[in-house]
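Heads up, the sequence shown is in the numbering used here, so the first residue is 15 and it goes up one at a time.
Using N, Cα and C, we set each Cβ at its ideal position, and we do this for glycine too.
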Amino acid sequence: MSIWHTQIIPDDLFSSSRLTSVAAIDAALAQFEALVNVHHQRTGILIADLLQTQQNAVPLVISCIRDDAFSLLRAHVSRLSQVDPKLFADSMALQLLTNLSHFLYFHDLPSISQSHDLIRNSYPIVQNAPIVLKSLSTAEYVEEVAIPEDEEDSFRNIRIRLTQKGKRHIRAKSKVLDPKPFKNLSIQVPSSQVEAQKLTLQLLQELENILDVRLITPLKVPLTFMKSSVLLGPSSEHRYKSCNQSKLRSM
């Protein structure tokens, strides 16, 4: 029996060759909404299909589908964000978050101009937090050796030497982790397992909050803007890539 799911969304549903008018876009969105309602228990497959075969349409879908269909998608995405930290780097939640963050960051949308600073500030988190989470999930730490304070002086001296040795081991283990993504987030590399676990929970919560905001922000974009941006065709894609490269250089 095949482990691969059957694709639900037609490959050309949101293709540029099909979306040649606002009416065509409305028809494609209506077809997608119908698929959501029919396959409401398989919304994960619908989202996976979008991300794998038609990822450029994700912001359009999130912004323009009706509330009833959007609610079904969002309910599933909320569950997606609660994943094992070790699996988050390869999760659908991260793919969706990256897709929406990329769109909002590299498109100057008048309707969300007041939120652009927030979007810009959170973009490095989306880019670097998954790398940090993956590093933390495989990190190993040597615990400090501790002897009770009420031991004799000779044992206290041993304790001091052992503790210092333990700290050297901890620093040595920490150096194995790539410090760059930590530096990009202005955070220190954890020096113990407890600190690593605490940081993991904080980053997961931060990413979950950003994803929740990303699912709301595109809805504030005027439908006419979203639909017209789809109709701009290859020239729009070229300008998008140029903008992408320019902003990356300025980061």
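Flag this pair as yes or no: are the beta carbons of I61 and Q21 separated by less than 9 Å?
no
If you compare alpha carbons, which of P73, R80, P144 is closest to L199?
P144
K241 classed as buried or exposed, judged by whether at least 16 other C-beta atoms fall within 10 angstroms:
buried
Please confirm whether P204 and L213 have their CB atoms less than 9 Å apart.
yes
Between the Cα of H54 and the Cα atoms of A71, Q45, T67, H90, which residue gives the shortest distance?
H90
Between which two residues does the alpha helix (DSSP H) containing Q55 stretch?
That residue, Q55, is in no alpha helix (DSSP H); it is neither H nor E in DSSP.
Within the continuous alpha helix (DSSP H) that includes N223, where are the two ends?
207-230
Can you give the Cα-Cα distance for S29 and A38, rounded to whole angstroms?
11 Å
So C78 packs on L237, CB below 8 Å; how close in whole Å?
5 Å
Which of the three DSSP states, helix, strand or coil, is assigned to A153?
coil
Answer with yes or no whether the minimum CB distance from V50 to chain C is below 9 Å.
No chain C appears in the structure shown, which is made up of a single protein chain.
Return the chain-ordered list of same chain residues with a C-beta closer than 8 Å to the C-beta of A210, the five sequence neighbours on each side being excluded.
L150, A153, Y155, P204
Is the CB-CB distance between V75 and L43 below 9 Å?
yes
For a test of the three-state rule: what should DSSP assign to T112, helix, strand or coil?
helix
Does DSSP put I23 in a helix, a strand or coil?
coil
In whole angstroms, what is the alpha-carbon distance linking F196 and S206?
15 Å
Which same chain residues, not among the five before or five after Q259, have their C-beta less than 7 Å away from its C-beta?
Unreliable placement is indicated for Q259, whose pLDDT of 39 sits below 50; no coordinate value is reported for it.
Three-state class that DSSP yields for D40 in the structure shown
helix
Hey, S35 and L245: beta-carbon distance below 9 Å or not?
yes
Where does I96 sit, in a helix, a strand or coil, going by DSSP?
Here the sequence assigns Gln to residue 96, which means Ile is not the residue at that position. Q96 falls in the coil class under three-state DSSP.
If L64 sits next to V72, beta carbons under 8 Å apart, how far is it from one beta carbon to the other, in whole angstroms?
6 Å
Buried or exposed for D25, going by 16 or more other Cβ atoms inside 10 Å?
exposed
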